[in-house]
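A.B. asks: First the structure, then my questions, so here it is.
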Amino acid sequence: MSDLHTEQVAKQQTSDFQDRSIKCVDCGENFVWTVGEQVFFHDKGLKNEPKRCKSCKQAKNDRLAAISAAQSAGVKQRIEVTVTCAQCHEQTTVPFYPSQGRPVYCRACFIASRSMTANA
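Read the sequence shown against this note's numbering and you will find it ends at 119, with the numbers running on by one and no gaps.
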């Protein structure tokens, strides 16, 4: 292929995309998924769009690296993640990373919901 033809194909691919606003699953803020990033995803064959903004993605990678380093060193690591209770909306900490889309409760609300389930 000539350089001119390659350049024309690249321009056509770029015109198929446009900047998109996506809501981060971690912080809830909107971020822009640029045309260049979309072309990169397309060229690499990646099917899923990003879920996290760049700062939340970096924070997640840092957490995973710290956990991996601690495990390989044989260190037991206690995790504490700050979250907002889905029921009373108070801020609390939990010893796990919450799953996407699942509610997280503070200790009092969690115990109360378990006792209601047991009595039902």
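Yeah, the Cβ is synthetic: ideal placement off N, Cα and C, and Gly gets one too. Nothing here was measured: the structure is a model prediction, and the numbers come from that model.
Give the secondary structure of S20 by DSSP, where H, G and I count as helix, E and B as strand, and everything else as coil.
C.D. replies: Of the three classes helix, strand and coil, the one that applies to S20 here is strand, per DSSP.
A.B. asks: My output table needs one value for F95: the three-state DSSP class, helix, strand or coil.
C.D. replies: Coil at F95, not helix or strand.
A.B. asks: Quick one: using the 10 Å Cβ neighbour count with 16 as the cut-off for buried, is Q37 buried or exposed?
C.D. replies: Buried is the call here.
A.B. asks: Report buried or exposed for C105, applying the criterion of at least 16 other Cβ atoms within 10 angstroms of its Cβ.
C.D. replies: Buried, because 16 or more other Cβ atoms sit within 10 Å of the Cβ of C105.
A.B. asks: Just verifying my parser: in three-state terms, what is the DSSP assignment at T83?
C.D. replies: Three-state result, T83: strand.
A.B. asks: If contact is defined by three or more beta carbon pairs under 8 Å, each pair taking one atom from either stretch, is the segment 59-66 in contact with the segment 37-50?
C.D. replies: Result no; under three Cβ-Cβ pairs closer than 8 Å.
A.B. asks: In three-state DSSP terms, what is V31?
C.D. replies: Reduced to three states, the DSSP call for V31 is strand.
A.B. asks: Name the DSSP bridge partner or partners of Q90?
C.D. replies: Looking at the DSSP assignment, Q90 forms a beta bridge with T83.
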